[in-house]
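K.L.:
Have a look at this one before I ask anything.
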């Protein structure tokens, strides 16, 4: 699997330094290929490096981060923009969502949460790959496995369940996830369950306890915790924010 | 005529009594107005005296009559000068431009006063009454015209930068004085200069200098000072803490980094304080940041949460839980060396209301303290607003709940059978922001 190339944009040296040295890019299959400290530099680096991911602060000199994204969106349709900002002002969020950004993370950055965001991005890239796959005959094992997980996300799923279902060695399946998607099995499962939960939160009026069961969590407390870690907000906050 | 002077004097004496008993800022503007009030009172006194003496030329010695006239008109010129001074300070405060006409105004004052005491005084006797006349009278008219022109000029030049209310007050005051001056000029026996000056003073007193306005100015100033003291730009605060956190983590001090993270969380959530109503989730998140920091400081402290996840979206008044928990820690658990548990729970009551309770295993209420707190919470409306003190936190919580949710909701305390106390907060259960 090819490494994802990352551009870091923040006007504060310490923040960029923290990102570079405290987040395990290697383990997440990424490498930092460039940095920028203001809006102009960011635009230039985006053009020169064409990164897969741009981690972007909003409040930067010369031109703000949202403007940078807006100006480079057309030229770089495949770049995933992750906004990292200290401003939890909702007007920023709304504007950011219009620009089709991948994620919006609040400062101070929790590197664990940032890792989840990178993993989700990879899973999204993988799903896109499946949907763009025009050659259905080429049925790879991972396609079957992920489809199975999506269909049974509410049930108990583990590597050994998958192993029985597909007659494959659990270690091999685990390796498949690492190689094909770039995330481990559990991360993938959690991500699918969160997607399922989000869909239920927005399209049904089921209680959080019911949604947690339907998303494969027997204890709503665990569910709420995992959800919060993944989305940054609690399930009921999520429901409210998006239904408004 | 004398009756009018007495009435005016009494009215202004009344005004002065209220004005001097009001709390106010020690600003140049208010000092000038205080001086103005005193001078106007003296002037009205002299006005009354001259009205009597000028109409009793036969009985009052000429020397005495001259003397009170000179004093009367001298005080009038000075009062008019003070009006100019007051308006000039007002304009300066509004525009921020320094007063440049002060020196000509003072030179004119000196010359006018000098003329007032040197020029000869004569009196004209008519059937309707007597009045002073001659060159001497050029002084008060001249002063009124000179200072009115200065004030009108100030007003016109700076009309764009002056607040509408202040502009109209100055305009009205000037117009009154102008009309009175013209009338007096045409009808010498009317002797109404005192009325003009009283009306001008009243115009300023009723609008810009009344005790209510002064008190609110003062309160506003105090509050903004408090605000400045307590609120550094929040973004500066948490951006800086974040930088320190990253440095700590780069130095491999994970624990410090984690604590700083929680501190930033706490600040970030508590600067949302401008919103009166937040969701229960927001409120719990803030509380978690706070309790985690406290638990780190006091390792024998245990805080647990038991909240129904479906209530997360419930609308609650902002910042009501942290003061309650802080109270539990400081008044209950501190006495036990911060050893014990605090449990926060939120549940729906049978009649569809939201009940949040904060229960601790602390030392409980002292003898009589429970009754005292019950009394305070019941009579919350009668308690004067306090900016500091022991029970300020819970009283504030009670007031805000009653104000934002209604009188049937609020805070109450019970004692636990096993020791410690439980705070019960009853709130309406609604999801939507109204």
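Protein chains in written order, with our numbering: chain A, 143 to 386; chain B, 3 to 436.
For glycine and all other residues, C-beta sits at the position ideal for the given N, C-alpha and C.
Under three-state DSSP, which class holds residue 177 of chain A?
P.N.:
Residue state, collapsed to three classes: strand.
K.L.:
Residues in the same chain with beta-carbon distance under 7 Å from residue 274 of chain A, minus the five sequence neighbours each way, listed in chain order, please.
P.N.:
Closer than 7 Å at Cβ, skipping near neighbours: no residue.
K.L.:
Take residue 176 of chain A and list the residues in its own chain whose beta-carbon comes closer than 6 Å to its own, dropping the five residues that flank it on each side.
P.N.:
Only 149, 187, 191 meet the Cβ criterion.
K.L.:
If contact means a Cβ-Cβ distance below 9 Å, which residues of the segment 349-363 of chain A contact chain B?
P.N.:
Within the segment 349-363 of chain A, the qualifying residues are 349, 350, 351, 354, 362, 363.
K.L.:
Using CA atoms only, rank isn't needed, just tell me which of A:282, A:326, A:331 is closest to residue 308 of chain A.
P.N.:
Ranking the options by Cα distance to residue 308 of chain A, first place goes to A:282.
K.L.:
For residue 109 of chain B, count the other beta carbons within 10 Å of its own beta carbon; 16 or more makes it buried, fewer makes it exposed. Which is it?
P.N.:
Exposed, by the Cβ-count rule.
K.L.:
With C-beta atoms as the reference, is residue 378 of chain A less than 8 Å away from residue 311 of chain B?
P.N.:
Yes, Cβ-Cβ distance for residue 378 of chain A and residue 311 of chain B is below 8 Å.
K.L.:
Report all residues from its chain with a CB closer than 6 Å to the CB of residue 181 of chain A; omit the five preceding and five following residues, and keep chain order.
P.N.:
The answer, listed in chain order, is 202, 204, 205, 210.
K.L.:
For the structure I just gave you, are there three or more beta carbon pairs, one from the segment 54-67 of chain B and one from the segment 29-37 of chain B, closer than 8 Å?
P.N.:
No, because fewer than three Cβ pairs between the segment 54-67 of chain B and the segment 29-37 of chain B fall closer than 8 Å, the two stretches do not touch.
K.L.:
Report the neighbours of residue 311 of chain B on chain A: residues whose CB is nearer than 9 Å to its CB, in chain order.
P.N.:
Under the 9 Å cutoff, chain A gives 349, 350, 351, 354, 362, 363, 365, 366, 376, 377, 378.
K.L.:
Under 7 Å Cβ-Cβ, which residues of chain A neighbour residue 241 of chain B?
P.N.:
Result: 228.
K.L.:
Would you identify the three-state DSSP class for residue 304 of chain B, choosing helix, strand or coil?
P.N.:
Reduced to three states, the DSSP call for residue 304 of chain B is strand.
K.L.:
Near residue 325 of chain B, which residues of its chain fall below 8 Å by C-beta distance, leaving aside the five closest residues on each side in sequence?
P.N.:
Answer for residue 325 of chain B: 395, 396, 398, 399, listed in chain order.
K.L.:
Have a look at B:113, B:296, B:132, B:95 and flag the residue whose alpha-carbon is nearest the alpha-carbon of residue 169 of chain B.
P.N.:
Residue B:95 is the option with its Cα nearest to residue 169 of chain B.
K.L.:
Taking 8 Å as the threshold (beta carbon to beta carbon), is residue 181 of chain A in contact with chain B?
P.N.:
Cβ-Cβ to chain B under 8 Å: no for residue 181 of chain A.
K.L.:
Note down, in chain order, each residue of its chain lying with its Cβ closer than 7 Å to the Cβ of residue 421 of chain B, except the 5 sequence neighbours on either side.
P.N.:
The residues are 363, 366.
K.L.:
Assuming residue 265 of chain A and residue 330 of chain A make a contact with CB atoms under 8 Å, what is their CB distance in whole Å?
P.N.:
With 8 Å as the limit, residue 265 of chain A and residue 330 of chain A qualify as a contact, their Cβ atoms being about 6 Å apart.
K.L.:
Could you give the residue range of the beta strand (DSSP E) that holds residue 342 of chain B?
P.N.:
Per DSSP, residue 342 of chain B belongs to the beta strand (DSSP E) from 342-350.
K.L.:
Of all the CB atoms in chain B, is at least one closer than 8 Å to the CB of residue 373 of chain A?
P.N.:
Output row for residue 373 of chain A: interface = no.
K.L.:
In this structure, does DSSP put residue 282 of chain A in helix, strand or coil?
P.N.:
Reduced to three states, the DSSP call for residue 282 of chain A is coil.
K.L.:
Please list the terminal residues of the continuous beta strand (DSSP E) segment that includes residue 124 of chain B.
P.N.:
Residues 124-127.
K.L.:
Taking CB distances under 8 Å as the criterion, tell me whether residue 431 of chain B reaches chain A.
P.N.:
Not closer than 8 Å to any Cβ of chain A, the Cβ of residue 431 of chain B fails to qualify, so no.
K.L.:
Take residue 227 of chain A as the anchor and find which of A:271, A:294, A:250, A:383 has the nearest alpha-carbon.
P.N.:
Measuring from the Cα of residue 227 of chain A, the nearest candidate turns out to be A:250.
K.L.:
Opposite residue 427 of chain B in the DSSP bridges: which residues?
P.N.:
Residue 427 of chain B is bridged to B:358, B:413.
K.L.:
Which residues, in order along the segment 241-265 of chain A, keep a beta-carbon less than 9 Å from a beta-carbon of chain B?
P.N.:
Those would be 248, 249, 250, 251, 252, 253, in chain order.
K.L.:
Looking at chain B, is there any beta carbon in it that lies within less than 8 Å of the beta carbon of residue 157 of chain A?
P.N.:
Answer yes: the Cβ-Cβ gap between residue 157 of chain A and chain B drops below 8 Å somewhere.
K.L.:
Let me check understanding here. Comparing Cα to Cα, which of B:160, B:75, B:162, B:247 lies closest to residue 120 of chain B?
P.N.:
When each option's Cα is compared against that of residue 120 of chain B, the closest is B:75.
K.L.:
Can you tell me where the beta strand (DSSP E) with residue 248 of chain A in it begins and where it stops?
P.N.:
Note, residue 248 of chain A: beta strand (DSSP E), 245-248.
K.L.:
Taking the C-alpha atoms as reference points, what is the distance between residue 208 of chain A and residue 358 of chain B?
P.N.:
Whole-angstrom Cα-Cα distance: 41 Å.
K.L.:
For residue 432 of chain B, which residues in the same chain have their Cβ closer than 8 Å to its Cβ, ignoring the five residues on either side in sequence?
P.N.:
Within the same chain, residue 432 of chain B has close Cβ partners 316, 317.
K.L.:
So, under 8 Å CB-CB, residue 379 of chain B and residue 414 of chain B are touching, yes? Tell me the CB distance rounded to an integer number of Å.
P.N.:
That pair is a contact at about 7 Å.
K.L.:
Within 10 angstroms of its Cβ, does residue 372 of chain A collect 16 or more other Cβ (buried), or is it exposed?
P.N.:
Answer is buried; the Cβ neighbour count reaches 16.
K.L.:
Below 8 Å between beta carbons is the criterion; list the residues of the segment 144-156 of chain A that meet it against any residue of chain B, in chain order.
P.N.:
Those residues of the segment 144-156 of chain A that come within reach of chain B (Cβ to Cβ, closer than 8 Å) are 154, 156.
K.L.:
Is it right to say residue 23 of chain B is buried, meaning 16 or more other beta carbons lie within 10 angstroms of its own, or is it exposed?
P.N.:
That one is exposed.
K.L.:
Applying the 10 Å Cβ sphere with the 16-neighbour rule, what's the burial state of residue 380 of chain A?
P.N.:
Residue 380 of chain A is buried by the Cβ-count criterion.
K.L.:
Given a cut-off of 8 Å on the beta-carbon distance, is the pair residue 15 of chain B and residue 43 of chain B in contact?
P.N.:
Their beta carbons are under 8 Å apart, which means residue 15 of chain B touches residue 43 of chain B by this criterion.
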